[in-house]
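First residue of the sequence shown? That's 188 in our numbering, and the numbers climb one at a time after it. Glycine is no exception: its CB is placed at the ideal position from the N, C-alpha and C atoms. These notes are about the structure you will find just below.
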Amino acid sequence: MTVWLEVALAAAGVNVLLLLALGSVWLRGYRQHGAKHTLGLLVFAGFLLVENLLWLYFYLLHPAFIEWFEATTTEVQVGMTMLCGLELVALLFLVRITWR
188 MTVWLEVALA
198 AAGVNVLLLL
208 ALGSVWLRGY
218 RQHGAKHTLG
228 LLVFAGFLLV
238 ENLLWLYFYL
248 LHPAFIEWFE
258 ATTTEVQVGM
268 TMLCGLELVA
278 LLFLVRITWR
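Rendered as structure tokens:
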């Protein structure tokens with residue numbers, strides 16, 4: 188397993204944890220207030236959670252994807268990893284705002 192695959196896997200795993208935490212806060216808020224904005228955030232978290240679970244499947248369990256990832260160029264590996272990394276930064280920002 189390449190370093191970039193491991194970093195992408197770690198970022199996707201942290202993203203899942205952050206989305207579960209954010210989703211629980213937003214679900215509580217929606218149950219209490221019923222605000223459409225909170226429902227929108229909850230749906231947003233749900234879609235991102237599915238996306239990151241799919242990434243985890245590909246990074247861990249899909250042999251053809253892992254083989255392709257390891258055989259491709261470093262630029263492509265870095266680019267794929269940056270997608271999960273940038274999402275991690277955005278989610279950290281949302282966590283900070285949500286828990287303040």
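- The three-state reading of DSSP puts R218 in helix, counting H, G and I together.
- A Cβ-Cβ separation of about 5 Å places A232 in contact with L206 under the 8 Å criterion.
- When DSSP states are grouped into helix, strand and coil, W286 belongs to the coil group.
- Burial state of F256 is buried, judged by a 10 Å Cβ sphere holding 16 or more other Cβ atoms.
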